[in-house]
Amino acid sequence: AQSVAQPEDQVNVAEGNPLTVKCTYSVSGNPYLFWYVQYPNRGLQFLLKYITGDNLVKGSYGFEAEFNKSQTSFHLKKPSALVSDSALYFCAVRDTDQAGTALIFGKGTTLSVSS
Amino acid sequence: DSGVTQTPKHLITATGQRVTLRCSPRSGDLSVYWYQQSLDQGLQFLIQYYNGEERAKGNILERFSAQQFPDLHSELNLSSLELGDSALYFCASSVRDSFTDTQYFGPGTRLTVL
């Protein structure tokens with residue numbers, strides 16, 4: 019079965035420092051990977067996705083993610099964190115085992131950026 | 030704003046009742062997905078419709094059903110509600126039924142069952 023794991027429930031970083039939110043995946047075929055962010059009382063906002071090609075994917079709000087096939091990882095990164103980046107981040111993978119094109123989500127990582 | 034709208038924003042009801050959640054996808058999107066977010070189960074896929082037809086089912090209870098109408102809006106019907114059905118229900122839409130397409134999420138409907 020396909021799955022995605024976010025090993026950290028919470029990541030704390032100081033404003034201005036680089037941040038990394040980790041994600042590892044397990045798929046039977048080609049991985050289609052996504053990152054979403056959820057602010058309190060809001061829906062999920064799309065940040066970026068990896069489909070194929072360049073292993074470094076650039077997305078919204080200065081975020082980027084590095085796809086690593088050998089380590090089956092897709093970590094989310096930002097060179098300089100902002101307090102406003104504090105939110106819940108979800109990694110997701112396309113479920114290519116079943117009919118349809120649903121997403122399988124990780125449990126989420128809460129990012130807390132302190133000033 | 031993703032362009033996906035959901036109504037109502039909040040719903041409070043009693044056990045045993047039935048409710049309907051509504052979703053309007055982004056203009057031009059043919060696929061609609063429903064997800065449930067709860068503290069214990071996280072974000073789980075319920076069901077997908079594509080151009081009016083049921084495309085895939087996930088962890089959807091038999092008490093729940095959905096449909097997509099000719100104008101592509103979708104409704105999720107939850108019946109015989111239990112306390113454990115309290116959750117945030119999201120609708121998402123995408124252009125086609127493709128692994129590479131991005132899903133855009135609505136703001137969600139928060140259901141509270143008392």
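As given, the protein sequences belong to chains V and B, one line each in that order. Numbers 19 to 133, taken from the numbering used here, label the letters of the first sequence in order. Numbers 30 to 143, taken from the numbering used here, label the letters of the second sequence in order. Note that beta-carbon positions come from the ideal geometry of N, C-alpha and C, so glycine has one too. All values reported here derive from a predicted model rather than from experimental measurement.
| field | Heavy atom of the ligand HEM within 7 Å of F123 of chain V beta-carbon | value | This structure lacks the ligand HEM; in fact it carries no ligand of any kind.
| Chain-ordered neighbours of Y50 of chain V on chain B, where CB pairs are closer than 7 Å | Within 7 Å Cβ-Cβ: F128, T129.
| If contact means a Cβ-Cβ distance below 7 Å, which residues of the region 80–114 of chain B contact chain V? | Residues passing the 7 Å Cβ filter: R84, A85, G87.
| query | Closer than 8 Å, CB to CB, is G118 of chain V near chain B or not? | reply | With 8 Å as the cut-off, G118 of chain V counts as an interface residue toward chain B.
| task | May I ask you to list, following chain order, the residues of the region 34–61 of chain V that have a beta carbon less than 9 Å from some beta carbon of chain B? | result | Interface annotation for the region 34–61 of chain V against chain B: N48, Y50, F52, Y54, Q56, N59, R60, G61, criterion Cβ-Cβ distance under 9 Å.
| field | Straight-line Cα distance separating P136 of chain B from S103 of chain B | value | When rounded, the distance between both Cα atoms is 15 Å.
| message | When you compare the CB positions of D58 of chain B and S127 of chain B, do they come within less than 8 Å of one another, or not? | response | No, these two residues do not count as a Cβ contact at 8 Å.
| message | Suppose you measure from the CA of A105 of chain V to the CA of A116 of chain B; what does that come to, to the nearest Å? | response | CA-to-CA, the gap between A105 of chain V and A116 of chain B works out to about 19 Å.
| Residues in the region 65–91 of chain V with C-beta within 8 Å of chain B's C-beta atoms, listed in sequence order? | Legend: CB atoms of the region 65–91 of chain V lying less than 8 Å from CB atoms of chain B belong to residues K67, I69.
| query | CB-CB under 8 Å to L100 of chain V, same chain, minus the five flanking residues each way: which ones, in chain order? | reply | Counting only Cβ-Cβ distances below 8 Å, and skipping sequence neighbours, we find E33, V131.
| query | Are Y78 of chain B and A95 of chain B close, meaning C-beta to C-beta below 8 Å? | reply | Yes; because the gap between Cβ atoms is below 8 Å, this pair is in contact.
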